[in-house]
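Chemist: Supplied in structure tokens, the structure appears directly below.
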Amino acid sequence: MAILGQLLVGLSRAMILFIVAAGLSLVLGVLRVPNVFHGSLYMIGAFVAWTVAEAMGGSPARLWVALAAAPIVTAAVGLAVERTLLCRLYHREHLMLILFTFGVMLVLNDLVKLSWGPTYRSLVPPEGLQGAVSVLGVALPRYNLVLLGAGPLVAGGLWLLVHRTRIGKIARAAATDREMVAVLGIDVGRVFAVAFGVGCFLAGLGGALVAPTTSITLGMDHTLLIESFLIVIIGGLGNLWGALVGSLLFGVAHSVGLLIWPQFAIAFPYAITAGVLLVRPQGLLRSVW
Amino acid sequence: MVNGTRLGVGVLLAALFGAPAFLPPFYVYLIALILVTGLLATSLNLVLGFGGLYQFHHAVFYGIGAYTLAIGITKLHWPAWVAFLAGPAAAALAGLLIGLVCVRLERLYFGMLQLSLGSFVWIVALRWYPVTGGDNGLHGIPLPAGLKPLGGAYLFILTTVVASLLVLWAVVRSPFGLTLQAIRDNPQRCQVVGIQVRAHQLAAMVLAALFAGVAGVLYVTLERSVFPNMLSWVLSLEILVMCLLGGWFTFPGPLLGAALVVTLRTFAGRYTEYWTLILGVLLILLIFFLPEGILGTLRARHAQKAPEPAPQPAPAGDVHG
Amino acid sequence: MHMRRLAVLVILGMVAVTMSRAGAGPSPRLDRNIKVGVVDTYSGPPAVFGNDALNGFRLALEEINREGVLGARIEFVTRDEKFSPEIGLSMARELVLQERVDLLVGTINSATALAISAFAREQRVPFIVWISKSEQITGAKGHRYVFSTSENTAMAGKALAHALSRRGYARFWIGAEDYEYGHAVTNSFWRFMKRAKPEVTLLGQTWWRTGEPDLVPYLTQILQARPDAAFFGTGGAGMANLLRTMKVIGFAERVPSAIHTAIDVTVLRPLGTAAPEGVWGTTDYLFYYPESPDNREFVRRFQAAYRDPPGFPAFHGYITAHFIAEAYRRARSLDRERFIEALEGLRIRTPVGEVEMRACDHQAVLPLFFGRTRRDPQFPFLMAGNLVTIPGREAMPTCEDIQRARAQGR
Chain A
241 MAILGQLLVG
251 LSRAMILFIV
261 AAGLSLVLGV
271 LRVPNVFHGS
281 LYMIGAFVAW
291 TVAEAMGGSP
301 ARLWVALAAA
311 PIVTAAVGLA
321 VERTLLCRLY
331 HREHLMLILF
341 TFGVMLVLND
351 LVKLSWGPTY
361 RSLVPPEGLQ
371 GAVSVLGVAL
381 PRYNLVLLGA
391 GPLVAGGLWL
401 LVHRTRIGKI
411 ARAAATDREM
421 VAVLGIDVGR
431 VFAVAFGVGC
441 FLAGLGGALV
451 APTTSITLGM
461 DHTLLIESFL
471 IVIIGGLGNL
481 WGALVGSLLF
491 GVAHSVGLLI
501 WPQFAIAFPY
511 AITAGVLLVR
521 PQGLLRSVW
Chain B
3 MVNGTRLGVG
13 VLLAALFGAP
23 AFLPPFYVYL
33 IALILVTGLL
43 ATSLNLVLGF
53 GGLYQFHHAV
63 FYGIGAYTLA
73 IGITKLHWPA
83 WVAFLAGPAA
93 AALAGLLIGL
103 VCVRLERLYF
113 GMLQLSLGSF
123 VWIVALRWYP
133 VTGGDNGLHG
143 IPLPAGLKPL
153 GGAYLFILTT
163 VVASLLVLWA
173 VVRSPFGLTL
183 QAIRDNPQRC
193 QVVGIQVRAH
203 QLAAMVLAAL
213 FAGVAGVLYV
223 TLERSVFPNM
233 LSWVLSLEIL
243 VMCLLGGWFT
253 FPGPLLGAAL
263 VVTLRTFAGR
273 YTEYWTLILG
283 VLLILLIFFL
293 PEGILGTLRA
303 RHAQKAPEPA
313 PQPAPAGDVH
323 G
Chain C
725 MHMRRLAVLV
735 ILGMVAVTMS
745 RAGAGPSPRL
755 DRNIKVGVVD
765 TYSGPPAVFG
775 NDALNGFRLA
785 LEEINREGVL
795 GARIEFVTRD
805 EKFSPEIGLS
815 MARELVLQER
825 VDLLVGTINS
835 ATALAISAFA
845 REQRVPFIVW
855 ISKSEQITGA
865 KGHRYVFSTS
875 ENTAMAGKAL
885 AHALSRRGYA
895 RFWIGAEDYE
905 YGHAVTNSFW
915 RFMKRAKPEV
925 TLLGQTWWRT
935 GEPDLVPYLT
945 QILQARPDAA
955 FFGTGGAGMA
965 NLLRTMKVIG
975 FAERVPSAIH
985 TAIDVTVLRP
995 LGTAAPEGVW
1005 GTTDYLFYYP
1015 ESPDNREFVR
1025 RFQAAYRDPP
1035 GFPAFHGYIT
1045 AHFIAEAYRR
1055 ARSLDRERFI
1065 EALEGLRIRT
1075 PVGEVEMRAC
1085 DHQAVLPLFF
1095 GRTRRDPQFP
1105 FLMAGNLVTI
1115 PGREAMPTCE
1125 DIQRARAQGR
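Chains as they are written, first to last, in our numbering: chain A, 241 to 529; chain B, 3 to 323; chain C, 725 to 1134.
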């Protein structure tokens, strides 16, 4: 029973990982760009959520407004970078794209420092979401219920976007064969911009969702960036469900690691990644696109 | 032209060997640091620029070389010469093991697998307190008396770096090196004409790891300390930037890149907290305006009269190879 | 004849003047200013601590330079190590070789502090550590050229063991962040706890990695084991996460918990009301305790200069400057060896009372304050209540302990 409860607690972390990794995977799948500044957008999302919540003072709606505002800001930042600079690099090779996004990461992280300074921030959730409820014998923070709900919502939304909208279908086609789509007279650039914007939106949403549970600080993007990259890799590049499987696998690996060898629990996700890639070099799931 | 280059290299070498006599000690130290970092970047470029492999986590081999020397002397009490040889040997062995796993994959997948295996080594360095000193690292490593004064350490570093660069230069110019470049430019065709692509790539990885290990050993000679940061992916990306900055399709490019980045970091760091902002902007400008780096662009301009096909990297897109 | 006698008299006179100067007479004047090289983190999250320490140091230098030290002033240059030991070491080298500083001061990063310490020993340059809490600095890795004006993990563990051993807890659980500080402070706590009260038992341990964003699973594990009390080892952003999670799941109400620096202002202020009440903690500086005139005056002047009240790093920076000035006054020269001898055993007046630089290990003998977090309507963040002072002598490992640690470290 207690172990089930533990897993439930760990699941909320997996949901955050999924939301962020799904954004990364989307960009990787459609644009073929491994976006290193995805983590910075996550951090910016958390800081913006804090700023918005602070500005609204004691209003009970502040958390919800912050959750809505932060992803819009990060999507705007991401789109600005994509439309002005990144879109000129698509014909270049991967290494240049990675290094470019690395450069943007360095710049954004220092801009965060300039705007918010080096101090830690905390966002206190509204009254109704403070404290914990008892589930399966463990104390589950009330706010984690929001996280547990957000994961499936995002997954459902993405499914609708990808399978039920015109732009989603074009995006899937563009991911498989970019030239073919262009030949059909469709503006691939616009599709790329939308996909990139949605990816950045998800990074900001992840950051805003995590803000009430943790210290909002410079460097909070570090671990998450590496983890979501690994998740995307083991899930299969560009595969949204792969990102989901990867996130859950990561969560389980971490809990199991804690039980067997706490000192090296941190190494388990890396070991899992290496193991998966040894057996299935292209990731667990093939691209469904 | 060739004579001019030779003369330039000769003058530079004479100046480097004479440096301790006329430069203040801090500059001697700075040159030594540039030489060590330059060797590290050049070793990466063997697999990156000449081999076309996305070696995202090269710093791991640098760290393994340095840690092996440090642990050999402080914990295992090996004689100094054994420890000095064991460092590069351990790095080469790690290069072989990681390489065996990674060369089965291509491009982005190769890079990501190399990154995760490298991070694994980094975690061991960070967590194995009794041996590696954990996040504190190991400090004040005792070295032979001749290497203790800065002048002695400097000459040892300079000689070793020059010798290593000569070997690397010979490798790049050898039939092996030329085949490696052919594989970078067109792996499929090489495969078809019967070249053992994987074996060549693996050999290049081992060599690159070996010389990264040499650089690691030299870092300990200079600083007498090791830290887990030496195996961090941030350092790996920094040396990637050095290769790109100097010109990653040229041999001396990474050396120039290392000199620029180390010097900038040392002096810009004094005046600004926003060093990473500068590095980021520099990197973005480079990608847009000097994609082949400083030396690559200079060479291209030089060769304009008699155009020589610049190495065309494979286009982006085909992730699944 | 006459000339010779005159010459003898003149020489004798000169000797007498020189002797009197060397003795208790008027001080010699230095022919240049004293230059201190500061290496610390001024970018990234730990910059909060680095800046606070530097502010305290600056404030003290203003007072000191008003009257001067042997007719000279103390000036300083800073270098940002970016929380990276290789950059810190490189900067220290630049300060010594290029800037020719008389001594080095720094840093929050214990890896950097240990690296610079080894370098300082090789170069025979004094180095005073002012924020890093690693007990190795003046313990196992200590030497003639390194000093510490900060409390350390050995002192923190001993002080908390001392305080908790009187509270009737028998079954403990240890939880900590898996890094050097976490290991050091919990080791020290448990060693001294066993020494103070041999019948205590350890039910279990929980370790989480640095940067772990979600601590709920770890704390749940501890709650289910129902220990009498829990001891935690963490700091910085990890500490903020721990306290926030404790409050959310109501941990401290069910398991009495003790954490070094949990009552510290630098920890509690950014958390606001997200911090839990009733957590035991220690720190070596509080701006509101002890309510002595010296402390009140220090806080008043610090706030006049920098608005915010001083945190523990500011206190360390402040006393470091006064230790440096007093040691030079006593050494009467810029000679490094004489400076070190003057600093050994030196006692100065500080906002928390007289503090001695212990000669045997070069560790400042700082008192620690033990208390419990509580709401104070006057402040938007939690404060410490039920405060008790644990004298430095009681919290410090003995000189024999230090000698043993150093012998093992060799």
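Cβ atoms here follow ideal geometry from the backbone N, Cα and C, with glycine treated the same way.
Which residue spans inside the stretch 340-417 of chain A form an unbroken alpha helix (DSSP H) run of at least 4?
Modeler: 382-404, 406-416
Chemist: Per the contact definition of three or more C-beta pairs closer than 8 Å, is the stretch 996-1005 of chain C in contact with the stretch 950-967 of chain C?
Modeler: Yes, the stretch 950-967 of chain C is in contact with the stretch 996-1005 of chain C.
Chemist: When the cut-off is 8 Å and only beta carbons count, does threonine 299(B) lie next to chain A?
Modeler: Not one chain A Cβ lies under 8 Å of threonine 299(B).
Chemist: Just to confirm before moving on: does the CB-CB distance between serine 841(C) and valine 870(C) stay below 8 Å?
Modeler: yes
Chemist: I want to see whether chain A comes within less than 8 Å of threonine 836(C), judged by CB atoms only; does it?
Modeler: no
Chemist: Looking at C-alpha atoms only, which residue of Arg1130(C), Thr1097(C), Arg1053(C) is the closest neighbour of asparagine 789(C)?
Modeler: Arg1053(C)
Chemist: Give every residue of the same chain whose Cβ lies closer than 6 Å to the Cβ of arginine 993(C), excluding the five residues on either side of it in the sequence, and list them in chain order.
Modeler: Phe1105
Chemist: Quick one: is arginine 745(C) near chain A, going by C-beta distance under 8 Å?
Modeler: Note that arginine 745(C) scores 45 on pLDDT, short of 50, meaning its location in the model is unreliable; the coordinates nonetheless yield the value given after this. Arginine 745(C) does not count as touching chain A.
Chemist: Report buried or exposed for phenylalanine 251(B), applying the criterion of at least 16 other Cβ atoms within 10 angstroms of its Cβ.
Modeler: Phenylalanine 251(B) comes out buried.
Chemist: Is it right to say serine 874(C) is buried, meaning 16 or more other beta carbons lie within 10 angstroms of its own, or is it exposed?
Modeler: buried
Chemist: Taking three-plus beta-carbon pairs below 8 Å as touching, is the stretch 946-963 of chain C in contact with the stretch 1058-1076 of chain C?
Modeler: no
Chemist: For asparagine 833(C) and threonine 765(C), which I take to be in contact (beta-carbon distance under 8 Å), what is that distance rounded to the nearest angstrom?
Modeler: Right, their Cβ atoms sit about 6 Å apart.
Chemist: Are the stretch 89-96 of chain B and the stretch 236-247 of chain B in contact at 8 Å, needing three or more beta carbon pairs?
Modeler: no
Chemist: Helix, strand or coil for histidine 79(B)? Go by DSSP, reduced to three states.
Modeler: coil
Chemist: Closest Cβ-Cβ distance between leucine 319(A) and chain B: below 8 Å?
Modeler: no
Chemist: Which chain B residues sit within Cβ distance under 7 Å of leucine 828(C)?
Modeler: Those do not exist, as leucine 828(C) stays about 15 Å from chain B at its closest Cβ, beyond 7 Å.
Chemist: Is it the case that the Cβ atoms of valine 222(B) and valine 228(B) are separated by a distance below 8 Å?
Modeler: yes
Chemist: Measuring alpha carbon to alpha carbon, tell me which of Ile280(B), Leu224(B), Glu294(B) ends up nearest asparagine 349(A).
Modeler: For the residues Ile280(B), Leu224(B), Glu294(B), the minimum Cα distance to asparagine 349(A) belongs to Ile280(B).
Chemist: What would DSSP say about phenylalanine 871(C), mapped onto helix, strand or coil?
Modeler: The answer is strand: DSSP assigns phenylalanine 871(C) an E or B state.
Chemist: Mind reading off the beta-carbon distance from tyrosine 1042(C) to leucine 783(C)? Whole number of angstroms is fine, and I expect it under 8 Å.
Modeler: In this structure tyrosine 1042(C) touches leucine 783(C) by the C-beta definition: roughly 6 Å separates them, less than 8 Å.
Chemist: Determine, using beta-carbon pairs with one atom in the stretch 132-146 of chain B and one in the stretch 167-174 of chain B, whether at least three such pairs fall under 8 Å.
Modeler: No: fewer than three Cβ pairs fall under 8 Å.
Chemist: Please list, in chain order, the chain A residues whose beta carbon lies closer than 8 Å to that of serine 118(B).
Modeler: Leu470, Ile473, Tyr510, Thr513, Ala514, Leu517
Chemist: Using 8 Å as the limit for Cβ to Cβ distance, is asparagine 911(C) near chain A?
Modeler: No, asparagine 911(C) lies away from the interface with chain A (no Cβ there is under 8 Å from its Cβ).
Chemist: For the beta strand (DSSP E) that contains glycine 475(A), what are its first and last residues?
Modeler: That residue, glycine 475(A), is in no beta strand (DSSP E); its alpha helix (DSSP H) goes 461-475.
Chemist: Does the beta-carbon distance from alanine 705(C) to valine 924(C) come in below 8 Å?
Modeler: Coverage of chain C is limited to positions 725 through 1134, which leaves residue 705(C) absent and any answer about it impossible.
Chemist: Work out the CA separation of valine 772(C) and alanine 1038(C) for me, nearest whole Å.
Modeler: 11 Å
Chemist: Against chain C, with Cβ distances strictly below 8 Å, would arginine 303(B) count as a contact?
Modeler: It does not: the Cβ of arginine 303(B) has no partner Cβ on chain C nearer than 8 Å.
Chemist: In whole angstroms, give me the CA-to-CA distance for proline 151(B) and histidine 79(B).
Modeler: 22 Å
Chemist: Strictly below 7 Å CB to CB, what residues from chain E border leucine 110(B)?
Modeler: Going by chain labels, chain E is absent from the structure shown, which instead holds the protein chains A, B and C.
Chemist: Please report the residue range of the alpha helix (DSSP H) in which glutamine 203(B) lies.
Modeler: 199-225
Chemist: Below 8 Å on the Cβ atoms is my guess for glycine 830(C) versus valine 853(C); work out the distance and round it to an integer in Å.
Modeler: At roughly 7 Å, the Cβ-Cβ gap stays under 8 Å, so glycine 830(C) and valine 853(C) are in contact.
Chemist: Taking 7 Å as the limit between beta carbons, can you name the residues of its chain near serine 166(B), skipping five residues before and five after?
Modeler: Leu41, Phe213, Val216
Chemist: Which residue marks the beginning of the beta strand (DSSP E) containing glutamate 799(C), and which one marks its end?
Modeler: 798-804
Chemist: Once you ignore the five residues that flank lysine 759(C) on each side, which residues in its own chain have a CB closer than 6 Å to its CB?
Modeler: Excluding sequence neighbours, lysine 759(C) sits near Glu799, Val825, Asp826.
Chemist: Could you confirm whether any beta carbon from chain A is found closer than 8 Å to the beta carbon of isoleucine 973(C)?
Modeler: yes
Chemist: Thinking just about the alpha-carbon of each residue, which of Arg109(B), Ile100(B), Leu99(B) is nearest to the one in isoleucine 338(A)?
Modeler: Arg109(B)
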